[in-house]
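Those protein sequences? They're chains A and B, same order as listed. Following the numbering used here, the numbering of the first sequence begins with 27 at its first residue and continues without gaps. Following the numbering used here, the numbering of the second sequence begins with 81 at its first residue and continues without gaps. We put the beta carbon where it would ideally sit given N, CA and C, even for glycine. One structure is given here, and the rest of the page talks about it.
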Amino acid sequence: NAGVTQTPKFQVLKTGQSMTLQCAQDMNHEYMSWYRQDPGMGLRLIHYSVGAGITDQGEVPNGYNVSRSTTEDFPLRLLSAAPSQTSVYFCASNLRDREQETQYFGPGTRLLVL
Amino acid sequence: DQQVKQNSPSLSVQEGRISILNCDYTNSMFDYFLWYKKYPAEGPTFLISISSIKDKNEDGRFTVFLNKSAKHLSLHIVPSQPGDSAVYFCAANFDNYGQNFVFGPGTRLSVLP
Numbered sequence: 027n028a029g030v031t032q033t034p035k036f037q038v039l040k041t042g043q044s045m046t047l048q049c050a051q052d053m054n055h056e057y058m059s060w061y062r063q064d065p066g067m068g069l070r071l072i073h074y075s076v077g078a079g080i081t082d083q084g085e086v087p088n089g090y091n092v093s094r095s096t097t098e099d100f101p102l103r104l105l106s107a108a109p110s111q112t113s114v115y116f117c118a119s120n121l122r123d124r125e126q127e128t129q130y131f132g133p134g135t136r137l138l139v140l
Numbered sequence: 081d082q083q084v085k086q087n088s089p090s091l092s093v094q095e096g097r098i099s100i101l102n103c104d105y106t107n108s109m110f111d112y113f114l115w116y117k118k119y120p121a122e123g124p125t126f127l128i129s130i131s132s133i134k135d136k137n138e139d140g141r142f143t144v145f146l147n148k149s150a151k152h153l154s155l156h157i158v159p160s161q162p163g164d165s166a167v168y169f170c171a172a173n174f175d176n177y178g179q180n181f182v183f184g185p186g187t188r189l190s191v192l193p
């Protein structure tokens with residue numbers, strides 16, 4: 027299993043540009059999510075999905091869109107990049123049972139918006 | 081308002097000793113609690129979790145304790161190894177349709193040889 031993969035690893039954008047961060051998992055997990063991590067802060071949830079065709083907003087959804095057409099893929103779209111979106115972005119997938127929950131993260135995408 | 085708090089920004093422990101990382105939360109409705117470690121320039125690595133129906137869960141060197149009345153959980157690492165040096169995050173989640181993970185700000189653990 028590759029686990030959770032993310033592309034690209036690094037990206038530089040100009041203000042106003044759009045782009046898509048890719049995320050894929052091969053563990054057949056229903057739950058997937060996107061986070062951003064900024065210096066001195068914990069991870070903040072942007073959007074999440076509980077299955078193909080179902081997405082919802084997290085804590086900081088503004089400026090981002092997601093879709094979940096398949097179980098495996100969960101891309102994050104920046105509609106019009108702003109310097110405030112400079113951050114490290116992590117995708118994750120979850121497996122849950124009655125006694126515990128396991129979450130696997132991708133390696134991250136480091137984004138700089140000029 | 082921080083729902084998940086890690087009040088110690090850093091912790092230093094001697095190799096071979098026990099590391100105890102603490103986490104407090106404010107929302108009694110959380111159903112799952114998770115611990116991660118993170119190295120620089122890498123994604124978080126899941127370590128261990130516990131549901132609110134349990135008060136202890138063990139996995140190798142890692143044990144998580146949950147005290148629901150105190151709204152407190154802790155991660156014990158025994159014995160601590162230099163490779164354990166990383167930032168440790170706790171997180172909490174709800175057992176409902178949605179997925180509203182809340183992460184603490186992290187504690188940097190340094191295990192000294």
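Within chain B, the residues 112, 114, 128, 129, 130, 131, 134, 137 have their CB atoms less than 9 Å from the CB of residue 126 (chain A), given in chain order. In the DSSP assignment, residue 120 (chain A) is bridged to A:57, A:129. At least one CB of chain B lies nearer than 8 Å to the CB of residue 67 (chain A). Judged by DSSP secondary structure, residue 74 (chain A) falls within the beta strand (DSSP E) whose first and last residues are 70 to 77.
Counting only the Cα atoms, residue 95 (chain B) lies some 5 Å from residue 161 (chain B). With a 10 Å radius around the Cβ and a threshold of 16 neighbouring Cβ atoms, residue 167 (chain B) comes out buried. Cβ neighbours of residue 93 (chain B) within its own chain (closer than 6 Å, five residues either side excluded): 99, 160, 191.
Contacts with chain B at 8 Å (Cβ-Cβ) do not include residue 100 (chain A). Out of A:121, A:62, A:129, A:58, the CA that lies nearest to the CA of residue 80 (chain A) is found in A:58.
Per the DSSP secondary-structure output, residue 171 (chain B) pairs in a beta bridge with B:114, B:183. Contact of residue 180 (chain B) with chain A is assigned, a C-beta pair being separated by under 8 Å. A distance of 8 Å or more separates the beta carbons of residue 108 (chain A) and residue 43 (chain A). Residues of the stretch 140 to 156 of chain B with a Cβ closer than 9 Å to any Cβ of chain A: none. With 16 or more neighbouring CB atoms inside 10 Å of its own CB, residue 68 (chain A) falls in the buried class. At least one CB of chain A lies nearer than 8 Å to the CB of residue 173 (chain B). As the crow flies, the alpha-carbon of residue 150 (chain B) is around 26 Å from that of residue 85 (chain A).
For residue 136 (chain A), the enclosing beta strand (DSSP E) stretches over residues 135 to 139. The beta carbon of residue 111 (chain B) is closer than 7 Å to those of 131, 132, 173, 174, 175 in its chain, skipping five residues each way along the sequence. The beta carbon of residue 78 (chain A) lies closer than 8 Å to those of 94, 95, 96, 97 in the same chain, with the five residues before and after it left out. With contacts defined by Cβ atoms closer than 8 Å, residue 91 (chain B) and residue 189 (chain B) form a contacting pair.
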